[in-house]
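A.B. asks:
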Amino acid sequence: MKTQRRMMMNRRLGYLVSTMAMALTVFAGGLARAQERTEIGVSSALKGDTYVGAQIGIDFLGDTNYKCRCDARQSDFLLYGGRFGHFFTDHVALEATVNWIDLHPGFYDASLGIMYDFTPTQRGWNTYLGIGGGSEREHVHGRGEGFAYIAFGSEYRFNRAVGARFELRGQHVFGEPFVGGSSHNDIQPNVGVVLHFGAPAAAMPPPPPEMPKSSPPPPPPMAAPAPPAAEAAPAAPPAEAPPPPVVAPPPAPQTSSNDVPFDRRSSRLTNIAKAVLDRVAARLKDDLTATVVVTGYPDEGTSAGSRETLATQRAENVKKYLTSRHGIDAGRITTRTDTASPATAGKAVVTITFQSHS
Numbered sequence: 002m003k004t005q006r007r008m009m010m011n012r013r014l015g016y017l018v019s020t021m022a023m024a025l026t027v028f029a030g031g032l033a034r035a036q037e038r039t040e041i042g043v044s045s046a047l048k049g050d051t052y053v054g055a056q057i058g059i060d061f062l063g064d065t066n067y068k069c070r071c072d073a074r075q076s077d078f079l080l081y082g083g084r085f086g087h088f089f090t091d092h093v094a095l096e097a098t099v100n101w102i103d104l105h106p107g108f109y110d111a112s113l114g115i116m117y118d119f120t121p122t123q124r125g126w127n128t129y130l131g132i133g134g135g136s137e138r139e140h141v142h143g144r145g146e147g148f149a150y151i152a153f154g155s156e157y158r159f160n161r162a163v164g165a166r167f168e169l170r171g172q173h174v175f176g177e178p179f180v181g182g183s184s185h186n187d188i189q190p191n192v193g194v195v196l197h198f199g200a201p202a203a204a205m206p207p208p209p210p211e212m213p214k215s216s217p218p219p220p221p222p223m224a225a226p227a228p229p230a231a232e233a234a235p236a237a238p239p240a241e242a243p244p245p246p247v248v249a250p251p252p253a254p255q256t257s258s259n260d261v262p263f264d265r266r267s268s269r270l271t272n273i274a275k276a277v278l279d280r281v282a283a284r285l286k287d288d289l290t291a292t293v294v295v296t297g298y299p300d301e302g303t304s305a306g307s308r309e310t311l312a313t314q315r316a317e318n319v320k321k322y323l324t325s326r327h328g329i330d331a332g333r334i335t336t337r338t339d340t341a342s343p344a345t346a347g348k349a350v351v352t353i354t355f356q357s358h359s
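Numbers given in my numbering equal positions in the sequence shown, counted from 1, plus 1.
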């Protein structure tokens with residue numbers, strides 16, 4: 002019973018110490034950053050950086066009766082440790098760690114592994130992944146158990162020298178294959194402080210060029226005495242204003258007529274009529290300012306009632322052909338009829354007038 006109570010007290014003490022260590026780490030890093038206000042630039046070069054650190058954490062044992070020489074149940078215990086590493090490139094470092102686990106009885110684990118830094122920088126977050134292996138022992142020369150580990154964490158570097166590391170490490174202890182013990186998996190979250198040495202400094206910007214000291218300007222030369230004023234020449238008479246430019250009058254509109262023949266008593270366009278209208282449409286497309294007036298005429302000798310109707314249909318059919326066949330704007334075409342003028346015998350005529358303003 003006393004053993005269990007002691008284990009619970011150690012566990013609570015471990016949580017308290019871990020929380021205090023994390024708070025002290027952040028506080029110490031803030032002081033270090035405040036003392037380095039004069040540093041200019043942040044370097045991402047870590048090659049050649051050597052570091053040492055100390056950490057504290059909790060070891061959550063996968064075996065609840067691991068290395069216990071009593072009947073008490075044990076699952077997590079406080080651990081203290083240290084680390085030493087060196088960056089061979091900006092991303093890759095070799096790291097050795099030693100942790101002491103306050104168990105009953107206590108033991109230590111020593112490991113060696115490779116760490117890869119995904120975001121190398123001398124100020125800010127350095128997220129990394131580490132893998133390696135080691136041995137757990139109660140004594141330096143005692144019998145040990147091998148293990149392999151994988152660690153994921155991030156170190157916030159306040160400056161070139163001080164950083165705070167937060168890490169989650171998982172390891173598998175090979176008990177049975179090596180020494181006949183029980184194999185299990187452990188989880189070890191930890192937090193610590195890391196001190197760095199040998200990292201290259203950030204490149205300092207070149208100082209601005211010094212401006213040459215300017216000498217006082219020489220005194221201005223003495224002004225020469227002004228020559229005696231010559232007699233003023235008589236003023237020239239004012240020049241006459243040029244005549245206003247002559248503006249040429251706009252050209253008069255040009256007109257042309259085209260006869261479109263129809264069969265007698267018919268308003269349907271013949272092939273000859275379409276050929277004439279095709280040439281008219283080409284003229285209208287060449288000159289977009291031109292307009293056209295279509296005048297429909299009836300046949301000679303037709304009755305008074307049908308004369309107006311026939312003349313209107315012929316004019317509208319011409320307009321329809323120009324708009325639907327050739328895409329001429331209907332606003333450019335005006336239709337009208339003329340039933341009073343004498344028509345050519347046996348022939349119907351449609352007169353198209355172009356009014357070009359170009």
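Virtual Cβ for every residue (Gly too), placed ideally from N, Cα, C.
Which of the three DSSP states is assigned to ALA305 in this structure?
C.D. replies: Counting from one through the sequence shown, the residue named residue 305 turns up at place 304. It is helical.
A.B. asks: Just reading off the beta strand (DSSP E) that LEU196 is part of, what are its end residues?
C.D. replies: Here the question's residue 196 lines up with position 195 in the sequence shown. 185 to 198 is the span of the beta strand (DSSP E), which, as asked, contains LEU196.
A.B. asks: Could you round the C-beta distance between THR292 and ARG333 to whole angstroms and report it? I think they count as a contact, below 8 angstroms.
C.D. replies: Numbered from 1 along the sequence shown, position 291 holds the residue referred to as residue 292. Numbered from 1 along the sequence shown, position 332 holds the residue referred to as residue 333. With 8 angstroms as the limit, THR292 and ARG333 qualify as a contact, their Cβ atoms being about 5 angstroms apart.
A.B. asks: Taking all protein chains shown into account, do 16 or more other C-beta atoms lie within 10 angstroms of the C-beta of THR90, making it buried, or fewer, making it exposed?
C.D. replies: For the purposes of this step, residue 90 is identified with residue 89 of the sequence shown, where counting begins at 1. The residue in question, THR90, is exposed, as its Cβ has fewer than 16 Cβ neighbours within 10 Å.
A.B. asks: Answer yes or no: do ALA152 and VAL194 have a C-beta to C-beta separation smaller than 8 angstroms?
C.D. replies: Position 151 of the sequence shown, counted from the first residue, corresponds to residue 152. Position 193 of the sequence shown, counted from the first residue, corresponds to residue 194. It is not a contact, given that the beta carbons lie outside the stated cut-off.
A.B. asks: If contacts are defined as beta-carbon pairs under 8 angstroms, then PHE263 and ARG315 qualify, I think. What distance do you get, rounded to the angstrom?
C.D. replies: Sequence index remark: in the sequence shown, residue 263 carries index 262 (1-based). Sequence index remark: in the sequence shown, residue 315 carries index 314 (1-based). Yes, they are in contact, since the Cβ atoms of PHE263 and ARG315 sit about 6 angstroms apart, within 8 angstroms.
A.B. asks: Going by CA-CA distance only, name the one from ARG84, GLN123, VAL93 and LYS48 that's closest to PHE159.
C.D. replies: On the sequence shown, residue 159 is found 158 positions in, with the first residue counted as 1. Selected option, being the one with the closest Cα: GLN123.
A.B. asks: Does the distance from the CB of GLY135 to the CB of PHE119 come in under 8 angstroms?
C.D. replies: Here residue 135 refers to the residue found at position 134 when the sequence shown is read from its first residue. Here residue 119 refers to the residue found at position 118 when the sequence shown is read from its first residue. No, the pair does not count as a contact, with Cβ atoms beyond the cut-off.
A.B. asks: Report the residue from ALA242, ARG308 and LYS286 whose alpha carbon sits nearest the alpha carbon of ASP330.
C.D. replies: The residue labelled residue 330 in the question sits at position 329 within the sequence shown. The option with the nearest alpha carbon to ASP330 is LYS286.
A.B. asks: Do you know offhand how far ASN259's Cα is from ALA282's?
C.D. replies: As a position in the sequence shown, residue 259 is number 258, starting the count at 1. As a position in the sequence shown, residue 282 is number 281, starting the count at 1. Going by the C-alpha atoms only, they are around 12 angstroms apart.
A.B. asks: According to the Cβ coordinates, are LEU311 and SER268 closer than 8 angstroms?
C.D. replies: Start at 1 with the first residue of the sequence shown, and residue 311 comes out as number 310. Start at 1 with the first residue of the sequence shown, and residue 268 comes out as number 267. Contact: yes.
A.B. asks: Where does VAL53 land, buried or exposed, given buried means 16+ other C-beta within 10 angstroms?
C.D. replies: Stepping through the sequence shown from its first residue, residue 53 is reached at position 52. Exposed, since its Cβ has fewer than 16 Cβ neighbours within 10 Å.
A.B. asks: Taking the DSSP output, what are the residues bridged to ASN259?
C.D. replies: For the purposes of this step, residue 259 is identified with residue 258 of the sequence shown, where counting begins at 1. Paired residue(s): none; ASN259 is not in a bridge.
A.B. asks: Let me check one thing: in DSSP terms, what residues is GLY86 bridge-paired to?
C.D. replies: Translated into positions along the sequence shown, residue 86 becomes position 85. GLY86 pairs with TYR52 and GLU96.
A.B. asks: What does the alpha-carbon distance come out to for the pair ARG161 and VAL99?
C.D. replies: On the sequence shown, residue 161 is found 160 positions in, with the first residue counted as 1. On the sequence shown, residue 99 is found 98 positions in, with the first residue counted as 1. One C-alpha to the other measures close to 24 angstroms.
A.B. asks: Look up ILE57 in the DSSP assignment and give the residues it is bridged to.
C.D. replies: Looking up residue 57 in the sequence shown gives position 56. Answer is TYR81 and VAL192.
A.B. asks: Identify the residues that DSSP records as bridge partners of LEU113: which are they?
C.D. replies: Counted from its first residue, the sequence shown places residue 113 at position 112. According to DSSP, LEU113 bridges with ALA97 and GLY134.
A.B. asks: For ILE102, name the three-state secondary structure that DSSP assigns.
C.D. replies: Walking along the sequence shown from the start, residue 102 turns up at place 101. Strand.
A.B. asks: How far does the alpha helix (DSSP H) with ARG280 in it reach, from first residue to last?
C.D. replies: In the sequence shown, the residue the question calls residue 280 occupies position 279. Note, ARG280: alpha helix (DSSP H), 272 to 287.
A.B. asks: Report the option in LEU95, GLU137 and PHE88 whose CA atom is closest to the CA atom of TRP101.
C.D. replies: On the sequence shown, residue 101 is found 100 positions in, with the first residue counted as 1. Closest by alpha carbon: GLU137.
A.B. asks: In this structure, how does DSSP classify LEU169 when only helix, strand and coil are distinguished?
C.D. replies: Stepping through the sequence shown from its first residue, residue 169 is reached at position 168. LEU169: strand per DSSP, three-state reduction.
A.B. asks: Taking just the CA atoms, how far does ARG266 sit from SER304?
C.D. replies: Here residue 304 is taken as the residue at index 303 of the sequence shown, counted from 1. Here residue 266 is taken as the residue at index 265 of the sequence shown, counted from 1. Straight-line Cα distance between these residues: approximately 11 angstroms.
A.B. asks: GLY125 and TYR150: beta carbons closer than 8 angstroms?
C.D. replies: As a first step, residue 125 is located in the sequence shown; it is residue number 124 there, counting from the start. As a first step, residue 150 is located in the sequence shown; it is residue number 149 there, counting from the start. The answer is no: Cβ separation not under 8 angstroms.
A.B. asks: Taking the C-alpha atoms as reference points, what is the distance between VAL163 and ALA94?
C.D. replies: By 1-based counting over the sequence shown, the position of residue 163 is 162. By 1-based counting over the sequence shown, the position of residue 94 is 93. Each residue's Cα considered, the two are about 17 angstroms apart.
A.B. asks: Hey, would you say THR51 sits closer than 8 angstroms to HIS92, going by beta carbons?
C.D. replies: For the purposes of this step, residue 51 is identified with residue 50 of the sequence shown, where counting begins at 1. For the purposes of this step, residue 92 is identified with residue 91 of the sequence shown, where counting begins at 1. Result no, Cβ atoms of THR51 and HIS92 do not sit closer than 8 angstroms.
A.B. asks: So what's GLU317 in DSSP terms, helix, strand or just coil?
C.D. replies: In the sequence shown, the residue the question calls residue 317 occupies position 316. Three-state result, GLU317: helix.
A.B. asks: Cβ of PHE78 within 8 angstroms of Cβ of ASP60?
C.D. replies: Here the question's residue 78 lines up with position 77 in the sequence shown. Here the question's residue 60 lines up with position 59 in the sequence shown. Yes; because the gap between Cβ atoms is below 8 angstroms, this pair is in contact.
A.B. asks: So the candidates are TYR117, ILE188, GLY133 and GLY328; which of them puts its Cα closest to the Cα of LEU289?
C.D. replies: Within the sequence shown, numbered from 1, the residue matching residue 289 stands at position 288. Comparing Cα-Cα distances from LEU289 to each of TYR117, ILE188, GLY133 and GLY328, the minimum goes to GLY328.
A.B. asks: For ILE1 and SER112, I'd like the C-alpha separation in whole angstroms.
C.D. replies: The displayed coordinates of the chain run from 2 to 359. Any statement about residue 1 would go beyond what the structure contains.
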